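Please read the structure below before turning to the comments.
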Amino acid sequence: MIRTIGVLIGIFCVLGIYFGPSILFPIPTLDPKDNPAIEQFVIQHTNDERMAAGLPPLVHDPLISDIARAHSENMSRLGLSHDLEDREPTDRALRAGYNCRAYRADGSYTYGLSENILQYPVASHLDGFETISEAVAHDLVNSWMASAGHRANILDEDVHKIGVGIALLENASDGQGWTGSVIFATQNFSSCR
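The sequence shown begins at 4 in the working numbering and counts up one residue at a time.
Next comes the structure, spelled out in structure tokens:
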């Protein structure tokens with residue numbers, strides 16, 4: 004019995020060395036069908052950050068998510084930028100039928116959408132999360148929170164709505180030998196209620 008257990012352990016060790024850890028512990032992968040789950044987890048983690056800072060959670064707006072998703076898909080073709088095809092966030096919002104002018108407490112007003120974008124090479128890890136979608140969403144929000152300008156958008160007390168769009172570019176290459184999946188992510192925020 005002990006000898007059988009020893010042989011089995013030896014076989015698993017050899018398999019692990021030869022095939023790498025993925026033979027024993029499958030590495031999770033992303034698929035474009037995971038995009039809606041990632042979007043929802045980004046909203047959840049963004050609201051967790053806001054509530055930790057004493058701010059109310061943002062309300063998800065499906066039209067703003069459509070605007071964000073279209074921009075992420077456009078970035079997956081044209082590259083990371085707030086301004087693609089001569090359209091910045093407010094231009095894209097107006098073209099989609101989202102017209103927002105919100106007044107602030109000091110009497111000034113905001114017009115259109117604020118935006119966070121990110122290009123993220125997908126790392127296959129779970130880091131204690133149940134799904135790769137949640138792990139990726141957590142990484143996206145943490146990346147934005149580590150940047151002063153992006154953090155300011157997330158923690159802006161004058162915004163009330165959020166939309167998130169994800170586009171997955173599979174088989175991307177950096178031209179230096181790396182290939183893998185890349186996520187283009189867009190968060191749009193609105194001060195309208």
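For every residue, glycine included, the Cβ atom is placed at its ideal position computed from N, Cα and C. All values reported here derive from a predicted model rather than from experimental measurement.
Residue closest to residue i, alpha-carbon to alpha-carbon, out of the options
i, options, result
"Pro35", "Ser136, Thr189, Asp89, Thr182", "Ser136"
"Arg154", "Leu121, Gln179, Met78", "Leu121"
"Ser184", "Ala175, Gln190, Ser194, Asn191", "Ala175"
"Ala42", "Pro60, Ser68, Asp51", "For the sequence presented, residue 42 should be read as Glu rather than Ala. Of the listed residues, the one whose Cα sits closest to Glu42 is Ser68."
"Cys195", "Pro39, Phe44, Gly115, Gln47", "Gly115"
"Val144", "Ser193, Glu173, Phe44", "Phe44"
"Asn119", "Ser146, Thr134, Phe132", "Ser146"
"Asp212", "Thr49, Ala40, Asp37, Pro39", "Shown here, the chain extends from 4 to 196; a query on residue 212 therefore has no answer."
"Asp161", "Leu87, Ser193, His63", "Ser193"
"Gly100", "Asp142, Leu33, Pro65", "Pro65"
"Tyr106", "Ser75, Ser79, His163, Thr134", "His163"
"Gly152", "Arg98, Ser117, Thr182, His141", "Ser117"
Start and end residues, beta strand (DSSP E) containing residue i
i, result
"Thr134", "Segment: none, Thr134 is in no beta strand (DSSP E) and carries neither H nor E."
"Ala151", "Premise fails: Ala151 lies in the alpha helix (DSSP H), 151-157, not in any beta strand (DSSP E)."
"Asn191", "182-193"
"Val45", "Here Val45 belongs to no beta strand (DSSP E); instead the alpha helix (DSSP H) covers 38-55."
"Ser115", "Checking the displayed sequence, the identity of residue 115 turns out to be Gly instead of Ser. No beta strand (DSSP E) contains Gly115, which DSSP labels as neither H nor E."
"Val167", "164-176"
"Arg107", "Arg107 -> no beta strand (DSSP E), and no H or E assigned at all."
Segment limits, alpha helix (DSSP H) that includes residue i
i, result
"Pro92", "92-98"
"Glu88", "Taken as a continuous stretch (DSSP letters only), Glu88 belongs to no alpha helix (DSSP H), as it is neither H nor E."
"Arg80", "65-81"
Same chain, Cβ closer than 7 Å to residue i, five either side skipped, listed in chain order
i, result
"Pro24", "Low confidence applies here, because Pro24 scores a pLDDT of 41, under 50, leaving its location unreliable; read the following figure in that light. Taken in chain order, the list of residues that qualify is empty."
"Met148", "Glu52, Arg154, Ile157"
Neighbourhood of residue i by C-beta distance below 6 Å, restricted to the same chain and skipping five residues each side
i, result
"Phe22", "Note on Phe22: pLDDT 40, under 50, position unreliable in the model; the coordinate value appears next. So the list is empty, once near-sequence residues are dropped."
"Leu87", "Asn77, Leu81"
"Ala40", "Ser136"
Inter-residue CB distance, residue i and residue j (contact presumed, cutoff 8 Å)
i, j, result
"Leu33", "Leu171", "6 Å"
"Ile157", "Arg53", "7 Å"
"Tyr123", "Asp142", "7 Å"
Residues of its chain near residue i, where Cβ-Cβ distance is below 8 Å and the 5 sequence neighbours each way are ignored
i, result
"Ile46", "Leu61, His63, Ile165, Val167"
"Ser84", "Met78, Ile120"
Quiz prompt | Three-pair Cβ contact test at 8 Å for the region 48-62 versus the region 88-95 | solution = Result no; under three Cβ-Cβ pairs closer than 8 Å.
Quiz item: Are the region 158-177 and the region 186-193 in contact at 8 Å, needing three or more beta carbon pairs?
Solution: Judged by pairs of C-beta atoms under 8 Å, the region 158-177 touches the region 186-193, as three or more such pairs exist.
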